[in-house]
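J.:
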Amino acid sequence: MASRTLLGCLVAIVVIVAICGFWIAGTYNNLVALSQAVDAQWAQVENVYQRRADLIPNLVETVKGVANFEKSTYIAVADARAKVGQVNLPPGAAATTDAATFEKYQAAQDGLTSALSRLLAVVENYPQLKANENFLELQSQLEGTENRIAVERMRYNTAAQTYNTARQSFPTVIIAGMFGEKFNQREYFKAQPGAQNAPQVKF
9 MASRTLLGCL VAIVVIVAIC GFWIAGTYNN LVALSQAVDA QWAQVENVYQ RRADLIPNLV
69 ETVKGVANFE KSTYIAVADA RAKVGQVNLP PGAAATTDAA TFEKYQAAQD GLTSALSRLL
129 AVVENYPQLK ANENFLELQS QLEGTENRIA VERMRYNTAA QTYNTARQSF PTVIIAGMFG
189 EKFNQREYFK AQPGAQNAPQ VKF
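The numbering used here puts the first residue of the sequence shown at 9, with every later residue one more than the last.
(1) Return the CA-CA distance between I182 and T173, expressed in angstroms with no decimal places.
(2) Since V56 and T153 should fall inside the 8 Å C-beta cutoff, what is the C-beta to C-beta distance between them, to a whole number of angstroms?
(3) Given a threshold of 16 other Cβ atoms within 10 Å of its Cβ, counted over all protein chains shown, does V92 qualify as buried or as exposed?
(4) For Q52 and Q176, I'd like the C-alpha separation in whole angstroms.
(5) Mapping DSSP to helix, strand and coil, what is N142?
(6) Round the Cβ separation of A123 and V85 to the nearest angstrom and send it over; I've been treating them as touching at under 8 Å.
(7) Suppose contacts are defined by Cβ-Cβ distances below 9 Å. Is D47 in contact with T104 by that definition?
(8) So, T81 versus T180, is the Cβ gap smaller than 9 Å?
(9) Establish whether the CB of V130 and some CB of chain D are separated by less than 9 Å.
(10) Is F77 near the ligand FAD, with its Cβ less than 8 Å from a heavy atom?
(11) On the criterion of 16 or more Cβ atoms from any shown chain inside 10 Å, does T13 qualify as buried, or is it exposed?
(12) Which residues in the same chain as R60 place their Cβ atom closer than 6 Å to its Cβ, once the five residues preceding and following it in sequence are excluded?
Below, the structure is given as structure tokens:
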């Protein structure tokens with residue numbers, strides 16, 4: 009009788025350990041899948057930013073060809089693009105888990121966006137540039153790229169939110185903590201400073 013009780017206890021312990029093992033494995037695999045989804049979406053963000061960076065030299069060269077165009081405007085764009093290139097992101101998930109690096113990267117990209125906006129605003133004063141087919145094509149591609157950037161950043165934030173929510177939920181947070189930095193929280197893209205204020209229109 010005692011041996012049956014002991015055997016029953018051992019079977020119960022084995023079953024409980026097996027259930028815990030399957031649960032830990034399932035939770036781990038879910039975190040891996042969500043982390044990979046964030047990494048894939050981050051790669052898309054980098055892809056559209058790279059597309060914009062590739063368009064800028066042609067845009068600047070086209071603008072330079074117009075007599076009397078404000079030199080400081082296209083120099084500001086070239087400088088902003090160079091600053092973006094100076095931000096060295098760590099490989100993989102580390103690019104989106106280090107708050108300081110992520111913020112520096114976003115600030116550099118936002119600076120480039122502002123410089124491009126100023127350049128396109130100044131173009132309004134140059135009818136010959138607005139009539140240049142090459143410039144119009146580049147402007148169209150740039151506007152399309154800016155829209156893609158907004159969409160991919162939104163998708164990245166959605167993927168990061170899904171991951172962060174799962175990671176911080178109890179008891180998943182315990183499993184995430186067991187693996188150190190492998191499952192760090194992901195950073196979000198935020199609006200540019202002052203974006204909440206309506207633009208001032210002067211006539």
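We put the CB at the ideal spot given by N, CA and C, even for glycine.
T.: Concretely, from the data shown:
(1) Near 13 Å, if we compare the C-alpha coordinates of T173 and I182.
(2) 6 Å between Cβ atoms; contact.
(3) The residue in question, V92, is buried, as its Cβ has 16 or more Cβ neighbours within 10 Å.
(4) Taking the straight line joining both Cα atoms gives about 25 Å.
(5) Residue state, collapsed to three classes: helix.
(6) Rounded, the Cβ-Cβ distance is 5 Å, consistent with contact.
(7) A contact, by the Cβ cut-off of 9 Å.
(8) Not closer than 9 Å, so no.
(9) As a matter of chain content, chain D is missing from the structure shown, which is built from one protein chain.
(10) Absence of the ligand FAD is noted for the structure shown, with no ligands found whatsoever.
(11) With fewer than 16 other Cβ atoms within 10 Å, it is exposed.
(12) Only T153 meet the Cβ criterion.
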